[in-house]
Amino acid sequence: MTLACGCEGELYVELPDDTTPCNGTLICPECRKLIHKGQPHYRAWTWGVDENGDEFVRDIREVCEACGDLAQALLERGFCWYWGELRADVRALHELETGEK
0 MTLACGCEGE
10 LYVELPDDTT
20 PCNGTLICPE
30 CRKLIHKGQP
40 HYRAWTWGVD
50 ENGDEFVRDI
60 REVCEACGDL
70 AQALLERGFC
80 WYWGELRADV
90 RALHELETGE
100 K
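Below is the structure:
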């Protein structure tokens, strides 16, 4: 796993600053834990860029608060968030920043 971004600006993930209460029961696509009605969670937007250079929404996923916080740490440092690879990406970031494995 590498933290290097291979998307070359063709897409990016955006998280809101704040969580929102869940309207129903969802499964976090990252950790697979249940997000119960009323629990705080993030709505993550994946944006793409078409051949004309215009942005469009490629995907919207709702993730638990813990996974959203981890993803925000990656995004704030300028790294990409690859769906399904969040834990591996955070481990790689920890190794990069601390030198520890």
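Going by numbering that gives the first Met the number 0, the letters in the sequence shown line up with residues 0 to 100, in that order. Each residue gets a CB set at the ideal place from its N, CA and C atoms; glycine is no exception. These numbers come from a predicted model, not from an experiment.
Measure the CB-CB distance between residue 35 and residue 67 and report whether it falls below 8 Å.
Not in contact: residue 35 and residue 67 (Cβ atoms no closer than 8 Å).
Indicate the three-state DSSP secondary structure (helix, strand or coil) for residue 16 in the structure shown.
In this structure, residue 16 counts as coil in the three-state DSSP scheme.
Do you know whose CA, among 59, 93, 95, lies nearest residue 12's CA?
Out of 59, 93, 95, 59 has the C-alpha closest to the C-alpha of residue 12.
Hey, could you find the ends of the beta strand (DSSP E) residue 35 is sitting in?
Neither: residue 35 is in no beta strand (DSSP E) and is coded neither H nor E.
Any idea which residues DSSP pairs residue 81 with across the strands?
None, per the DSSP bridge assignment.
How many angstroms separate the CA atom of residue 46 from the CA atom of residue 98?
Residue 46 and residue 98: Cα-Cα distance of roughly 32 Å.
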